[in-house]
């Protein structure tokens, strides 16, 4: 969604247009969920944080000043909400991202024939990948999640995290290298 469309939706939502607000939520719910999950590490907690983010979004949207990109503002709102959740729940464990497998997977078409062995292998590979991602440092996991799961460009990540473009590229490269090593070792449970 381009900035002009986002701006129009924000202004309409502030005026009380619930369809516009729903469109904003629909456009950004995957990003918010993945960011929350990368911080709280549990699917149910990430869903709770996501819900809280969108409640706060509804309440605070009139205060958005268009001084930064909406995704940057929403990222900060999500990050702060997740940190508040962690503080209040005192949940500081390094749990895995096991439940991420449900996100992003398409439901099987009942008309198609599926090979259970192939599906099982693919599911196990996803689980291994998510467990390895959970072992990355916070800064590397954050960059990787923003790029791979949220689909943000290098420029959007730089703006969102308020870091230089070169820093984004180097951290993402290091995150991929570290992830590759973890996957090659295969011993990260």
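In our numbering, the protein residues as written are 11 to 199. Think of the CB as a built atom: it goes at the ideal place given N, C-alpha and C, for glycine as much as any other residue.
With a cutoff of 9 Å on beta-carbon distance, residue 41 and residue 68 are scored as not near each other. Ranked by Cα distance from residue 142, the options 193, 72 and 186 are led by 193.
Separation of the CB atoms of residue 178 and residue 164 is rounded to 5 Å, and the pair is thereby assigned contact status at 8 Å. Note on residue 14: under 16 other CB atoms within 10 angstroms of its CB, so exposed under the neighbour-count rule. Here the alpha carbons of residue 19 and residue 33 stand approximately 8 Å from one another. Between the segment 168 to 177 and the segment 80 to 95, the count of Cβ pairs shorter than 8 Å is three or higher; the stretches touch. Residue 187 is not a Cβ neighbour of residue 147, given a cutoff of 9 Å.
For residue 126, the uninterrupted alpha helix (DSSP H) run begins and ends at 126 to 144, by DSSP. A distance below 9 Å separates the beta carbons of residue 196 and residue 138. Classified as exposed, residue 127 has fewer than 16 neighbouring CB atoms from the shown chains inside 10 Å of its CB.
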